[in-house]
Amino acid sequence: MRSLNLCVLLSLATAACCVPVSEVTVQDESFAENYLKNFFNMTEQKGPSTRRGISPLSKKLSEMQRFFGLHITGALDGETLEMMKKPRCGVPDGKIARFSTFGNSLKWEKNSLTYRIENYTPDMSVAEVDDSINRALQVWAKVTPLRFTRIYSGTADIMVSFGRQSHGDYYPFDGPSGTLAHAFAPGSGIGGDAHFDEDEMFTFSSNRGYVLFLVAAHEFGHSLGLSHSDDPGALMYPVYSYRDPSTFVLPRDDVNGIQSLYGSNPSKDPSVPEPPPPTTPDACDSTMVLDAVTTLRGEMLFFKDSFFWRSYPQSNTPQQTLITNFWPNAPVNIDAAYENPQSDTIFFFKGSRVWAFTGYRPVQGYPKTMNSFGLPRAVRKIDAALHDVASGKTLFFVGNYYFSYDESRQTMDRGFPKRVDQTFSGLTNKVTAAFQNRGFTYIYSGPYMFEYDLRTKWLYRVLRNSYFLRCTNF
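Counting with mature numbering (1 follows the signal peptide of the UniProt record, and there is no 0), you get residues -18 to -1, 1 to 456 for the letters of the sequence shown.
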């Protein structure tokens, strides 16, 4: 069906936190059934249905949960509903794979393609739209033999337009906060075309709306023959993600996908090395060293590169997502993080600077230098931070030493720094992350995690750092 080649970005309200099963309403169940019909090809149920749905609803729920890496229950629980309500693309997600392509190797049989911008959105200047569309195409051209030429009249291979409601392709937009855009897979006629909903707010780079470059780059992936990937770091992941467009690099999964169709860029100079495309961290990597670990409002957060995993009481499976999806103004590849629950503030450290957020909102006056905490000016970065709820102290780890900061007095404690190995038995290498959970203190060093009682400094266990990530391969 042609609808299988259509990408529709759904701007659905994103839940702020996981919804307990008991709070799933009849409206939620109806929404979930429509979601599964649209994206997982669920057919109409015959006969009576039950609250949790046995078959085919339960089967399709399990399929959806497996695709998104959720805990597979076959039931409409809170974390499943939360995932369903995230902004996403409308191509069905039933194929579980990293990158994937449309059936029958649907692709262009030529490498020189044309595009035409038929009209413009008033949300942005003409120059900004032109630049966004061009850069979105160059994302794919950079890693393939594909070359894109703009034309200003006639029919191009990829026709780009903005419209609202019914706009001539039998797939009407539905007004504000509905579909963002859609694109068609390679082919004649409407094939390859990309349409953007004029009722939405598109931006050049701000996250206060939808960045046209990011939306277009995803859509053009479909225009070139790519379907969806279950890699949460991929551009072709079904869920829309904000990323800084000025530093965007096509992830490895997308590079693999597009090169499976068209091959690599033959004009690339092999003598000029380029950094490898970013990859998505794997929780089952036994050698992985986490950047930081902290808590936030009852959740555990595990940071690595541009990503973090969320683990919360209602979920058995941590969810992986981009840092910028929750904190668009936060740094990535952070050095340390900690939460002060008394002030409902989370701090991110990178280099000599620190960022602060109340939940997910930036705190005025940040970022600032970390010396504002009273750390010596000779300290240019920290390796880890640990907030102790019982004492109200925050420990900053720097090399083989650590400092103690009094949150209530907002001053550094006297008598520090102290050597880490003289306080925490068993720790002989650099501390890389630290946090507290259920009364225990967990200090990470490389791929290992040390479980302590902070009051007695007693060491209970040494675990792999993937212990809380629910990986069975360590």
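In this text, a Cβ means the ideal position worked out from N, Cα and C, and glycines have one as well.
None of the values given here were measured: they were computed from a predicted structure.
Worksheet item: Do Phe202 and Arg117 have their C-beta atoms within less than 8 Å of each other?
Response: Within the sequence shown, the letter at position 220 stands for residue 202. Within the sequence shown, the letter at position 135 stands for residue 117. No, the Cβ-Cβ distance between Phe202 and Arg117 is not below 8 Å.
Discussion item. I'd like to know whether the C-beta atoms of Pro168 and Leu88 end up nearer to each other than 8 Å.
Written reply: Locating residue 168 in the sequence shown gives position 186, counting from the first residue. Locating residue 88 in the sequence shown gives position 106, counting from the first residue. Taking 8 Å as the Cβ cut-off, Pro168 and Leu88 qualify as a contacting pair.
Practice prompt. Put Gln324 into one of helix, strand or coil per three-state DSSP.
Written response: Numbered from its first residue, the sequence shown carries residue 324 at position 342. Three-state DSSP puts Gln324 in coil, outside helix and strand.
Worksheet entry | Reduced DSSP category for Ser448 - H, G, I as helix; E, B as strand; rest coil | Here the question's residue 448 lines up with position 466 in the sequence shown. Correct three-state label for Ser448: coil.
Worksheet item: Out of Arg396, Thr306, Thr276, which has the shortest C-alpha to C-alpha gap to Ser187?
Response: Residue mapping note: residue 187 aligns to position 205 of the sequence shown, counting from 1. That would be Thr306, whose Cα lies nearest to the Cα of Ser187.
Worksheet item: What is the C-beta distance between Pro214 and Asp75, in whole angstroms, given that I count them as a contact (C-beta under 8 Å)?
Response: On the sequence shown, residue 214 is found 232 positions in, with the first residue counted as 1. On the sequence shown, residue 75 is found 93 positions in, with the first residue counted as 1. Rounded, the Cβ-Cβ distance is 13 Å, inconsistent with contact.
Worksheet entry | Buried or exposed (CB count within 10 angstroms, at least 16 for buried), Ala372 | Along the sequence shown, one-based indexing puts residue 372 at 390. Classification of Ala372: exposed, given that the 10 Å Cβ count is below 16.
Practice prompt. Express the C-alpha separation of Arg292 and Asn411 in angstroms, rounding to a whole number.
Written response: Counting from 1 along the sequence shown, the entry for residue 411 is found at position 429. Counting from 1 along the sequence shown, the entry for residue 292 is found at position 310. Spanning the two alpha carbons is a distance of roughly 27 Å.
Practice prompt. Look at Pro310 and Tyr224 and say whether their C-beta atoms are less than 8 Å apart.
Written response: As a first step, residue 310 is located in the sequence shown; it is residue number 328 there, counting from the start. As a first step, residue 224 is located in the sequence shown; it is residue number 242 there, counting from the start. Yes.
Item to complete: From the DSSP output, in three-state form, read off Gly153 for me.
Response: Residue 153 sits at position 171 when you count from the first residue of the sequence shown. The residue asked about is misnamed: residue 153 is Tyr in this sequence, not Gly. Tyr153 falls in the coil class under three-state DSSP.
Practice prompt. Tell me whether Ala109 is buried or exposed, calling it buried when 16 or more other Cβ atoms sit within 10 Å of its Cβ.
Written response: For this step, residue 109 is matched to residue 127 along the sequence shown. Looking at its Cβ environment, which holds fewer than 16 other Cβ atoms inside 10 Å, Ala109 is exposed.
Worksheet entry | Cα-Cα separation, Arg335 to Pro313 | Stepping through the sequence shown from its first residue, residue 335 is reached at position 353. Stepping through the sequence shown from its first residue, residue 313 is reached at position 331. In a straight line, the C-alpha of Arg335 is about 10 Å away from that of Pro313.
Discussion item. Mapping the DSSP letters down to three states, classify Asp251 as helix, strand or coil.
Written reply: Position 269 of the sequence shown holds residue 251. Looking at Asp251 - three-state DSSP - the assignment turns out to be coil, as it is neither helix nor strand.
Worksheet item: What are the boundary residues of the alpha helix (DSSP H) that includes Lys41?
Response: For the purposes of this step, residue 41 is taken as the residue at position 59 of the sequence shown. That run of the alpha helix (DSSP H) goes 39 to 49.
Worksheet item: Of the residues Val6, Cys453, Asn20, which one's Cα is nearest the Cα of Thr269?
Response: Numbered from its first residue, the sequence shown carries residue 269 at position 287. It is Cys453.
Worksheet item: Contact between the segment 229 to 249 and the segment 386 to 397: three or more CB pairs below 8 Å?
Response: no
Item to complete: For Val402, collect the residues of the same chain with a Cβ closer than 8 Å to its Cβ; drop the 5 residues on either side in sequence, then sort them by chain order.
Response: Taking the sequence shown and counting its residues from 1, one reaches residue 402 at position 420. Cβ neighbours of Val402 beyond the five flanking positions: Phe379, Asn382, Tyr383, Tyr384, Leu409, Val413.
Discussion item. Just to confirm before moving on: does the CB-CB distance between Gln241 and Val111 stay below 8 Å?
Written reply: Indexing the sequence shown from 1 puts residue 241 at position 259. Indexing the sequence shown from 1 puts residue 111 at position 129. No, the Cβ-Cβ distance between Gln241 and Val111 is not below 8 Å.
Practice prompt. Check Asn311 in the structure and name its three-state DSSP category.
Written response: In the sequence shown, counting from the first residue as 1, residue 311 sits at position 329. It is coil, neither helix nor strand.
Worksheet item: How is Tyr426 classed by DSSP in three states: helix, strand or coil?
Response: On the sequence shown, residue 426 is found 444 positions in, with the first residue counted as 1. It is a strand residue.
Worksheet item: For Leu283, does the three-state DSSP call read helix, strand or coil?
Response: Locating residue 283 in the sequence shown gives position 301, where the first residue counts as 1. If DSSP states are grouped into helix, strand and coil, Leu283 belongs with the strands.
Worksheet item: Over what stretch of residues does the beta strand (DSSP E) that includes Thr388 continue unbroken?
Response: As a working mapping, residue 388 is identified with position 406 in the sequence shown. The sequence given here places Asp at residue 388; Thr does not occur at that position. Start and end: 383 to 388.
Worksheet item: Relative to the alpha-carbon of residue 490, which residue among Phe49, Asn447, Leu52, Thr62 has its alpha-carbon at the smallest distance?
Response: There is simply no residue 490 to check, as the chain begins at -18 and stops at 456 in what is shown.
Discussion item. Can you tell me whether Trp122 is buried or exposed? The criterion is at least 16 other CB atoms within 10 Å of its CB, across all chains shown.
Written reply: Locating residue 122 in the sequence shown gives position 140, counting from the first residue. Buried is the call here.
Item to complete: Return yes when the C-beta of Asp435 is under 7 Å from any heavy atom of the ligand ZN, and no when it is not.
Response: The ligand ZN is absent from the structure shown, which contains no ligands of any kind.
Worksheet item: What's the call for Leu(-9), buried or exposed, on a 16-neighbour Cβ count within 10 Å?
Response: As a working mapping, residue -9 is identified with position 10 in the sequence shown. Caution applies to Leu(-9), whose pLDDT of 45 falls short of 50 and renders its modelled position unreliable; the value that the coordinates give is listed next. Its Cβ being crowded by 16 or more others within 10 Å, Leu(-9) is buried.
Worksheet item: By the 10 Å Cβ neighbour count, where 16 or more other Cβ atoms means buried, how is Pro255 classified, buried or exposed?
Response: Position 273 of the sequence shown holds residue 255. Exposed, because fewer than 16 other Cβ atoms sit within 10 Å of the Cβ of Pro255.
Worksheet item: Mind checking Tyr134: buried by the 16 CB within 10 Å criterion, or exposed?
Response: Here residue 134 corresponds to residue number 152 of the sequence shown, with the count starting at 1. Classification of Tyr134: exposed, given that the 10 Å Cβ count is below 16.
Worksheet item: What residue does the alpha helix (DSSP H) around Leu272 start on, and which one ends it?
Response: Along the sequence shown, one-based indexing puts residue 272 at 290. No alpha helix (DSSP H) contains Leu272, which DSSP labels as neither H nor E.
Discussion item. Our contact map puts Leu441 next to Ser407 with C-beta atoms below 8 Å; I'd like the distance itself, whole angstroms only.
Written reply: Position 459 of the sequence shown, counting from 1, holds the residue named residue 441. Position 425 of the sequence shown, counting from 1, holds the residue named residue 407. Contact holds; Cβ gap of about 5 Å.
Worksheet item: Nearest CA to the CA of Leu278: which residue from Leu39, Gly173, Pro323, Thr299?
Response: The residue labelled residue 278 in the question sits at position 296 within the sequence shown. When each option's Cα is compared against that of Leu278, the closest is Pro323.
Fill in: CB-CB length for Ala14 against Leu63, believed under 8 Å
Counting from 1 along the sequence shown, the entry for residue 14 is found at position 32. Counting from 1 along the sequence shown, the entry for residue 63 is found at position 81. That pair is a contact at about 7 Å.
Fill in: Test item: CB-CB of Phe330 and Phe450 under 8 Å
The count along the sequence shown starts at 1 and reaches residue 330 at position 348. The count along the sequence shown starts at 1 and reaches residue 450 at position 468. For Phe330 and Phe450, no; Cβs fall outside 8 Å.
Worksheet item: Rounded to whole angstroms, how far is the Cβ of Asp175 from the Cβ of Arg146, which I believe are closer than 8 Å?
Response: Sequence index remark: in the sequence shown, residue 175 carries index 193 (1-based). Sequence index remark: in the sequence shown, residue 146 carries index 164 (1-based). With a Cβ gap of about 16 Å, Asp175 and Arg146 do not count as contacting.
Worksheet item: Between Glu45 and Tyr294, what straight-line distance do the alpha-carbon atoms span, to the nearest angstrom?
Response: As a position in the sequence shown, residue 45 is number 63, starting the count at 1. As a position in the sequence shown, residue 294 is number 312, starting the count at 1. Distance between the alpha carbons of Glu45 and Tyr294: 22 Å.
Worksheet item: Can you name the start and end residues of the beta strand (DSSP E) that Gln418 belongs to?
Response: Here residue 418 corresponds to residue number 436 of the sequence shown, with the count starting at 1. Run containing Gln418: 415 to 419, per the beta strand (DSSP E) assignment.
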